[in-house]
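Only one structure is covered here, and it is reproduced in the block below.
Chains as they are written, first to last, in this note's numbering: chain W, 793 to 949; chain C, 793 to 949.
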């Protein structure tokens, strides 16, 4: 497996794939082209034999100078459980550290139990919210009406 | 009118308003909370008597060091034709210049003739696309399947 930086033209390969990888959920609207043009130095692609099998779109917070943010991570369903996600996260942590960022943030949906468990395993801590769902702290309407989110933070040493 | 920087809590006022200001089109999905957390030093709110009447969400390109990007601009329908948009753009141009950015980019939908005319009046130049609609250069599927866009750039001197 090869990890490389995102390039603009990756958008046209990835955007149609995303909804498939997420089992038909409409996810590609969350990932406009701008992320593939303006955050290429903190966003990564995983390839096996030239095929894109995973990606991570993240950025250095522009106004919170100690923080970096992971917006979107996806792994091809046929290539899961092969530590591709882990490698992508580690590349992002490294570039964040190189830029003196020591807090990594991301959010996920409370229904996405796999994602919640995954982030906890990766050392993220769930931030205090304003309600609990199945014992998990959740911030209600965080990303708009009925768009509850679980908020994660990880400190890099 | 007062122009100030965006703050995180503005999201919860603006997000429900956006679809109303756009006449019912679902626009708020294009503006996740992250823009109100991590790009507060290049994003602006226009207020009259404490009421939000306009906003501009923009950022300095993280990987194109001479560029800045305007993601989203909105003005309350009752407050249009009062140069609120112009003031918001000028504030963004100024902060871009202070950060040594000399190219401002943004995109709009080909159906949005008002937006196209507005950007041309503001000194933006339409970039060469790969087809023409009503004589205007358009980039097909730029922001995903059937999401054609008109691409604008403005040079700051």
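Ideal Cβ placement from N, Cα and C applies to all residues, glycine included.
Taking CB distances under 8 angstroms as the criterion, tell me whether residue i reaches chain W.
{"i": "residue 851(C)", "result": "yes"}
{"i": "residue 954(C)", "result": "The structure shown does not extend to residue 954(C), since chain C is modelled only from 793 to 949, so the question has no answer here."}
{"i": "residue 820(C)", "result": "yes"}
Taking the continuous beta strand (DSSP E) assigned at residue i, which residues delimit it?
{"i": "residue 861(C)", "result": "859 to 867"}
{"i": "residue 885(C)", "result": "Counting along the chain, residue 885(C) falls outside any beta strand (DSSP E), though it belongs to the alpha helix (DSSP H) covering 876 to 890."}
{"i": "residue 944(W)", "result": "942 to 947"}
{"i": "residue 900(W)", "result": "895 to 900"}
{"i": "residue 838(W)", "result": "836 to 840"}
{"i": "residue 851(W)", "result": "843 to 852"}
{"i": "residue 923(W)", "result": "923 to 925"}
{"i": "residue 794(C)", "result": "794 to 797"}
Is the Cβ of residue i closer than 8 angstroms to any Cβ of chain C?
{"i": "residue 934(W)", "result": "yes"}
{"i": "residue 856(W)", "result": "yes"}
{"i": "residue 832(W)", "result": "yes"}
{"i": "residue 874(W)", "result": "no"}
{"i": "residue 861(W)", "result": "yes"}
{"i": "residue 937(W)", "result": "yes"}
{"i": "residue 807(W)", "result": "yes"}
Report the CB separation of residue i from residue j in whole angstroms; it is logged as a contact under 8 angstroms.
{"i": "residue 836(C)", "j": "residue 796(C)", "result": "7 angstroms"}
{"i": "residue 807(C)", "j": "residue 936(W)", "result": "5 angstroms"}
{"i": "residue 916(W)", "j": "residue 946(W)", "result": "4 angstroms"}
{"i": "residue 838(W)", "j": "residue 847(W)", "result": "7 angstroms"}
Which same chain residues, not among the five before or five after residue i, have their C-beta less than 7 angstroms away from its C-beta?
{"i": "residue 799(W)", "result": "832"}
{"i": "residue 803(C)", "result": "825, 828"}
{"i": "residue 885(W)", "result": "896, 948"}
{"i": "residue 869(C)", "result": "813"}
In the DSSP assignment, find the unbroken alpha helix (DSSP H) run with residue i in it and report its ends.
{"i": "residue 812(C)", "result": "802 to 813"}
{"i": "residue 913(C)", "result": "905 to 913"}
{"i": "residue 828(C)", "result": "826 to 830"}
May I have the straight-line CA-CA distance separating residue i from residue j, to the nearest angstrom?
{"i": "residue 931(W)", "j": "residue 894(C)", "result": "39 angstroms"}
{"i": "residue 876(C)", "j": "residue 865(C)", "result": "10 angstroms"}
{"i": "residue 871(C)", "j": "residue 854(C)", "result": "33 angstroms"}
{"i": "residue 941(C)", "j": "residue 888(C)", "result": "23 angstroms"}
{"i": "residue 794(W)", "j": "residue 842(C)", "result": "52 angstroms"}
{"i": "residue 922(W)", "j": "residue 891(C)", "result": "38 angstroms"}
{"i": "residue 912(C)", "j": "residue 845(C)", "result": "23 angstroms"}
{"i": "residue 860(W)", "j": "residue 904(W)", "result": "22 angstroms"}
{"i": "residue 856(W)", "j": "residue 820(C)", "result": "23 angstroms"}
{"i": "residue 801(C)", "j": "residue 880(W)", "result": "31 angstroms"}
{"i": "residue 910(C)", "j": "residue 906(W)", "result": "46 angstroms"}
{"i": "residue 927(C)", "j": "residue 805(W)", "result": "29 angstroms"}
{"i": "residue 925(C)", "j": "residue 914(C)", "result": "21 angstroms"}
{"i": "residue 867(W)", "j": "residue 830(W)", "result": "22 angstroms"}
{"i": "residue 918(C)", "j": "residue 938(C)", "result": "19 angstroms"}
{"i": "residue 920(C)", "j": "residue 873(C)", "result": "29 angstroms"}
Can residue i be considered in contact with the ligand PLP, in the sense that its beta carbon sits closer than 7 angstroms to one or more heavy atoms?
{"i": "residue 840(C)", "result": "Ligands in the displayed structure: none, and consequently the ligand PLP is not present."}
If you drop the 5 nearest sequence neighbours on each side, which residues of the same chain put their C-beta closer than 8 angstroms to that of residue i?
{"i": "residue 818(C)", "result": "811"}
{"i": "residue 858(W)", "result": "892, 893, 894, 895"}
Please work out which residues of its chain come closer than 6 angstroms, Cβ to Cβ, to residue i, disregarding the five sequence neighbours upstream and downstream, and give them in chain order.
{"i": "residue 898(C)", "result": "862, 944"}
{"i": "residue 849(C)", "result": "827, 835, 863, 864"}
{"i": "residue 883(W)", "result": "795, 836"}
{"i": "residue 822(C)", "result": "none"}
{"i": "residue 934(W)", "result": "941"}
{"i": "residue 815(C)", "result": "none"}
{"i": "residue 840(C)", "result": "793"}
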